[in-house]
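Taken in order, these protein sequences are the chains called A, B, C and D.
If you count the first sequence from 1, position 12 lands on 12 in our numbering, and the numbers rise without skipping.
If you count the second sequence from 1, position 78 lands on 355 in our numbering, and the numbers rise without skipping.
If you count the third sequence from 1, position 254 lands on 808 in our numbering, and the numbers rise without skipping.
If you count the fourth sequence from 1, position 193 lands on 1024 in our numbering, and the numbers rise without skipping.
Note that beta-carbon positions come from the ideal geometry of N, C-alpha and C, so glycine has one too.
Structure first, commentary second.
4 protein chains.
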Amino acid sequence: MHCPDQRGIVTNITKFIHENNGNIINLEQHVDRDGNRFFMRIEWELNGFNIPKDKIAEYFETLIAKNYQMRWRIYFSDHKPKMALFCSKQMHCAYDILSRYHAGEWNVEIPVIISNHEEAKVIARQMKIDFHHIVITKDNKDEMEAKQLEILKKYEIDFCVLAKYMQILSDGFVSNYPNKIINIHHSFLPAFVGAKPYHAAFERGVKIIGATGHYVTSDLDAGPIIEQDIIRVNHSDSIEDLIRKGKDLEKIVLARAIYSHLNRKISVYNNRAVVFR
Amino acid sequence: MHCPDQRGIVTNITKFIHENNGNIINLEQHVDRDGNRFFMRIEWELNGFNIPKDKIAEYFETLIAKNYQMRWRIYFSDHKPKMALFCSKQMHCAYDILSRYHAGEWNVEIPVIISNHEEAKVIARQMKIDFHHIVITKDNKDEMEAKQLEILKKYEIDFCVLAKYMQILSDGFVSNYPNKIINIHHSFLPAFVGAKPYHAAFERGVKIIGATGHYVTSDLDAGPIIEQDIIRVNHSDSIEDLIRKGKDLEKIVLARAIYSHLNRKISVYNNRAVVFR
Amino acid sequence: MHCPDQRGIVTNITKFIHENNGNIINLEQHVDRDGNRFFMRIEWELNGFNIPKDKIAEYFETLIAKNYQMRWRIYFSDHKPKMALFCSKQMHCAYDILSRYHAGEWNVEIPVIISNHEEAKVIARQMKIDFHHIVITKDNKDEMEAKQLEILKKYEIDFCVLAKYMQILSDGFVSNYPNKIINIHHSFLPAFVGAKPYHAAFERGVKIIGATGHYVTSDLDAGPIIEQDIIRVNHSDSIEDLIRKGKDLEKIVLARAIYSHLNRKISVYNNRAVVFR
Amino acid sequence: MHCPDQRGIVTNITKFIHENNGNIINLEQHVDRDGNRFFMRIEWELNGFNIPKDKIAEYFETLIAKNYQMRWRIYFSDHKPKMALFCSKQMHCAYDILSRYHAGEWNVEIPVIISNHEEAKVIARQMKIDFHHIVITKDNKDEMEAKQLEILKKYEIDFCVLAKYMQILSDGFVSNYPNKIINIHHSFLPAFVGAKPYHAAFERGVKIIGATGHYVTSDLDAGPIIEQDIIRVNHSDSIEDLIRKGKDLEKIVLARAIYSHLNRKISVYNNRAVVFR
């Protein structure tokens, strides 16, 4: 939840939960002083909670949120979000995600993989995930995106992950999944936006390279940053070395971003992501 | 504050502050599930608070803390803590601290420097800090520590910083300042406890070296860890290189530990330090 | 190559290569001043080299190495090393290695996987790698290790990777593959040797956790360190969080260690690994 | 030294040194494959060297460098370089440098401090360093830079360090000290060039901030990068927190850049810095 900051918000929300017999197991709040905005993430046990599960949203809106012009979401931990995996020929991030999926590392379901290449076909079949090979060209982009949206709808997808998808999504597509499409960019944004960041990093002679996991917005590489990390490089690293070292970063950073999203740790406001612990 | 975890603590504390017209500006809580212990740090504005400043502690104890068997402390931000600086011949940490002091980076007063060497004498005089040269030997340790304690008392010292002091404090001395003596150890504890950690790190051929800022307890190098950081090294680094690289680490890690202590971010329980953001 | 340091070694070796029409494409040298030992890694193109490929070792030994009491190895880049993968139920490192293998990231062949569990069976079959399920108990250890050695011999294995294998190898086994068995330990050695390092790290309240890739020697967790890395943790991380964060570290650190080994970047002397760039 | 790559360079140089009875104690080479350029740094002992010290440059040029169109420099370790320190009101980097100077950490002499403010005056006097207070305005820039150059000449300055100097040097000024003016920029370049990078980083919501030590060229913030490092930040960090955390980074990164320069580890070509170990 987030809203303009004022006195008493924490008190009233914790009271609401406590008086209705909820047990708070986690609470993290943050006030953005510059923007005078209050952010909070609160987690409580429903066992014995007085308000029925399907009424909580209504009660919370009426009794609390309305008074504070709050923007908020509620999630139940027994819901397993559905993720669509978009990939390309570069499969290292996709393999990493699928390995975690296979190992049951995350509370997620991946019913479908979409790709403009066929590299992921075999592993999709092995893991019993539906695979859609959709080749997007300049001429058929509108049509193919419509087809993709249909697929996402059919599988009741909650969020999308672009695992080195290498295609630019149209604004129309993005507007269907606000703060629900996660991309990995292979630089520490805002350095080296756009294509070929490792080549640009090599040219500039930087001593660190990075990767950035972010939500996709209509403005390319400018969406809210969820996670970043870096690795040291030096003059002896060729562009190929940067690419190789960067791949490991990309995997880890994307995985962390997905983890934060899956655990509902992220609150976005004003194009910035508050990522709770 | 920390206490055995139970329902309603956050609610009751925030209610206590809110109903008495306090404005909460920061709240961070943590529950140690394994130990079933609740930790919280809460910061509020006293401007307009109904309970007089000198009565807050009493009221809080009576109305809240007692019910939860809470261990807690209250600090007022207009109080400037008094720090004693202990140093030796190795002055890099001391210089760093004194530079920050001179620049007004911290809310602290340093009225006195104590050293078993005279290296700090000139800078102490320049900065108008009293300097005590106390040479501790095997034979006079009890006597000299008594003298040190007298000095600390005279200057009304709140906490001590061992900036490469290189002397082991007796249990008796430490017991006077529980969780109030900060030491910097030049390894990522618990690796390389004791003397000459850089030599040991070189021998072992490690690829990272570290530094640890911790509270001093009677058990050498085993006190609660406040802050740690590392730097990569490689085979081309000699022991001298490790020492040189390590010095920078030591400065930064010690400074961060002092900052957390000064800003009352640390709660110690069961020999572990909860360091709030 | 490494040998006692003395004048003229670099000159004589580069002369040997140059005069026989070899083109040096990489040279890195290091002198351990404390041990007075010279290390060098040199890479040259054989195209047009005067000495036949199968005679180079003999000539080098006779004309150069003998004079310096040198210990050395020569590798040809068209040789693809054969690696045996040892794993267990914890498959994250194995999946990561197999993903890289599948993507052709490394110059390696993996003909066989050995495990005391069956988790790797399916993926082994999918990737057409032979799988051997060898269950080691206290009673059959000698016999089973003999069987493993037989398998390694049959597949002409060059080196072994213990990807969370979780079994302690006997000295006899290890002596067959000196500096040819790579293990991943889930702590920044020498901190937290032995079992359950994440539990120990949690107990100690450390602010960083690490992972170490090292060669296996008869002394458990004390072999030459190839690569280490760390990640920051804090009080809000439970043991499960440490394990989760640590898994990513383990994958990356083990992969980097394997990469260095595969590219013949490592020279071991006195239980320390010189890892060239 | 650096030159177009070709066969035999290493051999001929090491032969030149060895045959004249020099003992090579360090050699690091690098070939930039994309630019086909060879770089080398070689260090040898002059004790017993056949060529007189003041003739080495001439002989090397004639016998070696000329044949390879080499660009090269020779330095003698008994020469103590002279550094001019430029600073402003923000003294944290200057204090750090002066502390190291006072402790004898570096092989350097600092005869003069130049500042557009008077904050450094007292410490300069205490350390017996000449202090010049030169106030640069839009109207007097040419004149004042001429005065600065005169001072640098008078003190026989080898290189300049801009320790948060906050003034832009004219092209004319810079051209007098090519790759001899080191600046610290408070971002991981090329992200956030120009003024107020911490404010920009806050606005963008990045999860890491950085600092960059680089040589000054006529193109602002685009000179060869010597050293970079980063620190993690999060949503709870205000701009003031970023500035505070960044200060520590700036100190360390600038110090490392100075160290590399002082130890002649840096070779610049095509606006990129090769920084040897």
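With respect to the 8 Å criterion, Ile134/A and Ile114/A are classified as neighbours on the basis of their beta carbons. Here Asp1068/D carries a coil assignment [DSSP, helix/strand/coil]. Within the segment 888 to 900 of chain D, contact with chain B at the beta-carbon level (separation under 7 Å) is assigned to no residue. Chain-order list of chain D residues neighbouring Asn271/A: Gly1036, by C-beta distance under 8 Å.
When the five nearest sequence neighbours on each side are left out, the beta carbons in the same chain lying within less than 7 Å of the beta carbon of Asn183/A are those of Leu162, His214, Val216, in order along the chain. Judged by DSSP secondary structure, Ser99/A falls within the alpha helix (DSSP H) whose first and last residues are 92 to 102. Take the alpha-carbon of Val268/A and the one of Met40/A: they are about 12 Å apart.
Listed along the chain, the chain C residues whose CB falls inside 9 Å of the CB of Gln126/A are Val676, Ile677, Gln680. When the alpha-carbon of Asp1052/D is set against those of His1092/D, Leu1020/D, Lys952/D, the nearest one is in Leu1020/D. Contact check for Gln228/A and Val1037/D: beta-carbon distance about 6 Å, within the 8 Å limit, so the pair qualifies. For the pair Ile855/D and Trp875/D, the CB atoms are nearer than the 8 Å cut-off. No Cβ-Cβ contact shorter than 8 Å links Ala120/A with Met144/A. In summary, the residues of the segment 232 to 255 of chain A whose CB is separated from some CB of chain D by less than 9 Å are Arg232, Asn234, His235, Ser236, Ser238, Ile239, in the order they occur in the chain. For Gln126/A, the three-state secondary structure derived from DSSP is helix.
In this chain, Met1/A is not harboured by any alpha helix (DSSP H), its DSSP state being neither H nor E. Cβ proximity to chain B below 7 Å picks out Arg7, Gly8, Val10, Thr11, Thr14, Lys15 from the segment 1 to 17 of chain A. The bridge partners DSSP lists for Gln860/D are Met871/D. For Lys330/B, the closest of Lys366/B, His356/B, Pro281/B by C-alpha to C-alpha distance is His356/B. Residues Asn575 of the same chain have their beta carbon placed closer than 7 Å to that of Gly602/C, with the five preceding and five following residues left out of the count. Distances from the CA of Asp171/A to each of Tyr165/A, Tyr95/A, Ile181/A were compared; the closest alpha carbon is that of Ile181/A.
Within chain C, the C-beta atoms nearer than 9 Å to that of His92/A come from Ser653, Arg654, Ala657, Glu659, in chain order.
Chain C places a beta carbon closer than 8 Å to that of Phe465/B, counting this residue as a contact. Secondary structure at Phe49/A: coil, using DSSP grouped into helix, strand and coil. For the pair Tyr996/D and Pro197/A, the Cα-to-Cα distance works out to about 31 Å. Under DSSP, Phe337/B forms no beta bridge with any residue. Contact between the segment 90 to 107 of chain A and the segment 640 to 658 of chain C is present: 3 or more CB-CB pairs across the two stretches fall below 8 Å. Contact annotation: in the segment 452 to 479 of chain B, no residue has its CB less than 9 Å from a CB in chain D.
Look at Asp34/A: its C-beta is not under 8 Å from any C-beta on chain C. Within the segment 208 to 221 of chain A, contact with chain B at the beta-carbon level (separation under 8 Å) is assigned to no residue.
Chain C has a Cβ within less than 8 Å of the Cβ of Gln505/B. Close CB contacts of Asn547/B within its chain, under the 7 Å cut and outside five residues either way in sequence, are with Gly312 (chain order). Beta bridge pairing from DSSP links Met637/C with Phe713/C. Here Val939/D is near Pro912/D, since their CB atoms are less than 8 Å apart. For Ala955/D, the closest alpha carbon among the candidates Leu980/D, Ile982/D, Cys918/D is that of Cys918/D.
Within chain C, the residues His789, Ser790 have their CB atoms less than 8 Å from the CB of His307/B, given in chain order.
Counting along the chain, the unbroken alpha helix (DSSP H) around Asp696/C starts and ends at 695 to 708.
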